[in-house]
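**Student:** Next up is a structure, given as structure tokens.
In the numbering used here, the protein residues as written are 142 to 330.
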């Protein structure tokens, strides 16, 4: 059989393109490998990454500063908080229902008399509560508009933590009825 003549121009083009094809195939495999396998691992250690030494050192410094602030707050609380009369007045350990009548009588403005105080029974709450509340209904007689404002102002500026849930005012009968919540913290024992 006779030999076929060589395709000289096609062979020379293929020989010239072979290195370029090798680079394209190699780049086509290497580029996705870098982008999806190597770069995410490398980003962890570059600036701003999770495992970067400077980033971790900055987090450590922030946490140490926070710990120092907490220690100073704890020292302040130990010094003035636990046995302080101010904290005991603001948020007592027990409800102390016996003294509430005197407390609400004392904050009433001149000419206003506390007629009735009704303490709602406490409902047991689910879970561990650090602060509990008592709902109290108060009835005052001899109340005018100015003395009602004074009474509400006295409740607001009282050292005891009080929330006024509702109130009603009868200017003709000069009666005021308030529903308030008082708080106490049995967990501070």
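Glycine included, C-beta positions come from ideal geometry on N, C-alpha and C. Since this is a predicted model, take the numbers as computed values, not measurements.
Please confirm whether residue 236 and residue 292 have their CB atoms less than 7 Å apart.
**Tutor:** For this step, residue 236 is matched to residue 95 along the chain shown. For this step, residue 292 is matched to residue 151 along the chain shown. No.
**Student:** On the premise that residue 321 lies in contact with residue 296, defined as a C-beta separation below 8 Å, what is that separation, rounded to the nearest angstrom?
**Tutor:** Working through the chain shown from its first residue, we reach residue 296 at position 155. Working through the chain shown from its first residue, we reach residue 321 at position 180. Yes, residue 296 and residue 321 are in contact; Cβ-Cβ is about 7 Å, under 8 Å.
**Student:** Give the secondary structure of residue 254 by DSSP, where H, G and I count as helix, E and B as strand, and everything else as coil.
**Tutor:** Within the chain shown, numbered from 1, the residue matching residue 254 stands at position 113. Three-state DSSP puts residue 254 in a strand.
**Student:** Give the straight-line distance between the Cα atoms of residue 169 and residue 160, rounded to the nearest whole angstrom.
**Tutor:** Locating residue 169 in the chain shown gives position 28, counting from the first residue. Locating residue 160 in the chain shown gives position 19, counting from the first residue. Spanning the two alpha carbons is a distance of roughly 14 Å.
**Student:** Give me the DSSP bridge partner(s) of residue 244.
**Tutor:** What you label residue 244 is simply residue 103 of the chain shown in a count that begins at 1. According to DSSP, residue 244 bridges with nothing at all.
**Student:** Kindly provide the ranges of any alpha helix (DSSP H) runs that are 4 or more residues long and lie completely inside the region 179-216, ordered along the chain.
**Tutor:** Taking only runs of at least 4 residues, the alpha helix (DSSP H) segments lying wholly in the region 179-216 are 180-184.
**Student:** Taking Cβ to Cβ, would you say residue 317 is nearer than 7 Å to residue 286?
**Tutor:** Taking the chain shown and counting its residues from 1, the one referred to as residue 317 is at position 176. Taking the chain shown and counting its residues from 1, the one referred to as residue 286 is at position 145. Contact flag unset, no.
**Student:** Going by DSSP, name the residue or residues bridged to residue 311.
**Tutor:** For the purposes of this step, residue 311 is taken as the residue at position 170 of the chain shown. According to DSSP, which records beta bridges pairwise, residue 311 is partnered with 316.
**Student:** Considering residue 174, what are the terminal residues of the alpha helix (DSSP H) in which it resides?
**Tutor:** In the chain shown, residue 174 corresponds to position 33, counting from 1. Its alpha helix (DSSP H) spans residues 149-174.
**Student:** Between residue 294 and residue 315, is the Cβ-Cβ spacing less than 7 Å?
**Tutor:** Working through the chain shown from its first residue, we reach residue 294 at position 153. Working through the chain shown from its first residue, we reach residue 315 at position 174. For residue 294 and residue 315, no; Cβs fall outside 7 Å.
**Student:** How big is the Cα-Cα spacing for residue 278 and residue 256?
**Tutor:** Looking up residue 278 in the chain shown gives position 137. Looking up residue 256 in the chain shown gives position 115. When rounded, the distance between both Cα atoms is 11 Å.
**Student:** On the DSSP letters alone, give me the boundaries of the alpha helix (DSSP H) that residue 273 sits inside.
**Tutor:** As a working mapping, residue 273 is identified with position 132 in the chain shown. That residue, residue 273, is in no alpha helix (DSSP H); its beta strand (DSSP E) goes 273-282.
**Student:** Just list the residues that DSSP pairs residue 259 with in beta bridges.
**Tutor:** Position 118 of the chain shown, counted from the start, is the residue given in the question as residue 259. Beta-bridge pairing links residue 259 to 278.
**Student:** Contact check, residue 271 vs residue 216 under 8 Å by CB: the rounded distance?
**Tutor:** Taking the chain shown and counting its residues from 1, the one referred to as residue 271 is at position 130. Taking the chain shown and counting its residues from 1, the one referred to as residue 216 is at position 75. With 8 Å as the limit, residue 271 and residue 216 do not qualify as a contact, their Cβ atoms being about 21 Å apart.
**Student:** Suppose contacts are defined by Cβ-Cβ distances below 7 Å. Is residue 198 in contact with residue 190 by that definition?
**Tutor:** Position 57 of the chain shown holds residue 198. Position 49 of the chain shown holds residue 190. No. Outside cutoff.
**Student:** Compute the Euclidean distance between the alpha carbons of residue 176 and residue 166, then round it to the nearest angstrom.
**Tutor:** Residue numbering aside, residue 176 sits at position 35 when the chain shown is read from its first letter. Residue numbering aside, residue 166 sits at position 25 when the chain shown is read from its first letter. Taking the straight line joining both Cα atoms gives about 16 Å.
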